[in-house]
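Each remark here refers to the structure printed beneath this line.
In the working numbering, the protein residues as written are 10 to 564.
Below, the structure is given as structure tokens:
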């Protein structure tokens, strides 16, 4: 057993209201510079719909992810080393700007400086790419709230085979929101596709990053990622992707998208897994067995043998304690209500989802029956407005079993808590009907409905003694770099290059507070190779060398 730790996320789709706050804050934090105007590390899709980029789930077209050969081995759907070598200077299997969208802006001066007139002035859209006037015809959420559903949503690849169960007539159709970020997979096909080896998976927490120094802009990673969450910066010539906000999680703060989520639907925690089982699990013969195979890779953090193996592997004790409290582990393996997005891609994704249940209550209430009664809820799951088959195509490779189990447990939790709230004694029968105990139902309710900040985000911090090394590593592989490509404004190698951008102020405050508690008076804020002071590791005491010019005295 080779135990490793992975930071993972679970999203409760029953609570997503489609406000796009997570998308906007992520955009402002990570992709607010030249070359990334079309890039959305986090986006919220309306399902059914085409998603972003348009139709990314059609792997017959885009050739993303892995496929299992007749011999039981895995190979990239886009081809192996030799096929990539022959096409290394021409990579046609990737979305074009039209599949994303051509970003635009408006000539606001027309509105701001227009004189009083009979007709209201109109600002035409101008392309940010070419600077020319354009007609807006698509964007990252063009089909938001089923907009243009008769034209776009009907082409959703997940509707294949269940067209007769879905209608797009008003008041008869269905919709729900699906927030998406990089999956930070256990078996990432983007990393396997990169000829330069620039994409790698961090051993300490499993976050998948792009080394900007090693990236050569081959764009094979974009083709290899089945979720299309790797983007190409056309200004810098580098690939970029979601970083799971690693500067924040290293100091115990949640990602920006989770921190600002209005619906409080995101959970972040640690999961232990056996790295020796990943390839075997990803290579199972049937796609419908992939969900169970991936769950079999996860290790119980309450198991004493697992805890000892973690310590033997050098995993800090506080990380073991964080894994025991992890909400992600509970939702995936203890309660079994969270499911992976498209396990059939065989990348072993680590951003999981709790399928939506809300519409079933409306269906029952419309019939005049008690919408929260357990018997009515269980019976209605088979006739959901959102077809179980559609959810199965998204989260279980077409197998309705795991989706049905998840929905029934969510329905049992709702009915159980309703009985307790009105003063009845629900008894154990309701919980036993879905393979759970009363204690489990109540604890799951607390986690999904009224969990506090510290319960939703159980993120172990990096060690204080590793802070300097982690910050130096971040400088090497992040979007910013000393004289390299990144978010530092204008520089010698393009519009996106320049000096290092300071980290978020909240990170600095957390580290300074921790340093104040643990410092033994030794100065740790010495000057770096470039002559700058590393404030992340300065404990606030004394004056670090290099902060001010050396005083010169004659005589």
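The beta carbon of each residue, even a glycine, is placed where N, CA and C say it ideally should be.
query, result
"Burial state of residue 97, where buried means 16 or more other Cβ atoms lie within 10 Å", "exposed"
"Cβ pair residue 155, residue 364 closer than 8 Å", "no"
"For residue 247: DSSP bridge partner residues", "242"
"Residue closest to residue 404, alpha-carbon to alpha-carbon, out of 436, 114 and 360", "360"
"Residue 81 versus residue 241 - alpha carbon distance", "33 Å"
"Chain-order list of residues whose beta-carbon lies under 6 Å from that of residue 270 (same chain, five-residue window excluded)", "31"
"Span of the alpha helix (DSSP H), counted from its first residue to its last, around residue 34", "30 to 39"
"Contact set for residue 72: own chain, Cβ-Cβ below 7 Å, skip 5 residues either direction", "86, 87, 102 and 232"
"Straight-line Cα distance separating residue 272 from residue 186", "12 Å"
"The segment 207 to 218 in contact with the segment 42 to 52 per 3-pair CB rule at 8 Å", "no"
"Three-state secondary structure assigned by DSSP to residue 297", "helix"
"Separation of residue 326 from residue 193, as counted between CA atoms", "24 Å"
"Counterpart residues of residue 115 in DSSP-defined beta bridges", "134"
"Spatial distance of residue 116 from residue 42 (CA atoms)", "19 Å"
"Minimum C-alpha distance to residue 136 - residue among 145, 445 and 130", "145"
"Reference residue 35; option with closest CA among 299, 201, 148 and 267", "267"
"Separation of residue 366 from residue 27, as counted between CA atoms", "16 Å"
"Three-state secondary structure (DSSP) of residue 153", "helix"
"Own chain, CB closer than 7 Å to residue 111, minus 5 neighbours either side, in chain order", "136, 138 and 143"
"Among 300, 158, 204 and 225, nearest to residue 91 - alpha-carbon criterion", "204"
"Outcome for residue 415 when other beta-carbon atoms lying within 10 angstroms are tallied against a minimum of 16", "buried"
"Helix, strand or coil at residue 281 [DSSP, three-state]", "strand"
"Beta-carbon proximity check, residue 228 vs residue 248, cutoff 8 Å", "yes"
"Helix, strand or coil at residue 123 [DSSP, three-state]", "coil"
"Cα-Cα separation, residue 340 to residue 133", "48 Å"
"Rounded straight-line distance, which links the Cα of residue 207 to that of residue 509", "Note on residue 509: pLDDT 39, under 50, position unreliable in the model; no value is reported."
"Contact check, residue 161 vs residue 59, beta carbons under 8 Å", "yes"
"Segment limits, beta strand (DSSP E) that includes residue 185", "185 to 189"
"Distance cut-off 7 Å: residue 166 Cβ against heavy atoms of the ligand FAD", "In the structure shown, the ligand FAD is absent, as is every other ligand, since no ligand is present at all."
"Simplified DSSP state of residue 13, which is helix, strand or coil", "strand"
"DSSP state of residue 399 mapped onto helix, strand, coil", "helix"
"Spatial distance of residue 310 from residue 166 (CA atoms)", "38 Å"
"When 244, 125 and 397 are compared against residue 183, the one with the closest alpha-carbon", "397"
"Unbroken beta strand (DSSP E) run spanning residue 55, endpoints", "52 to 56"
"CB contact flag (residue 109, residue 62, <8 Å)", "yes"
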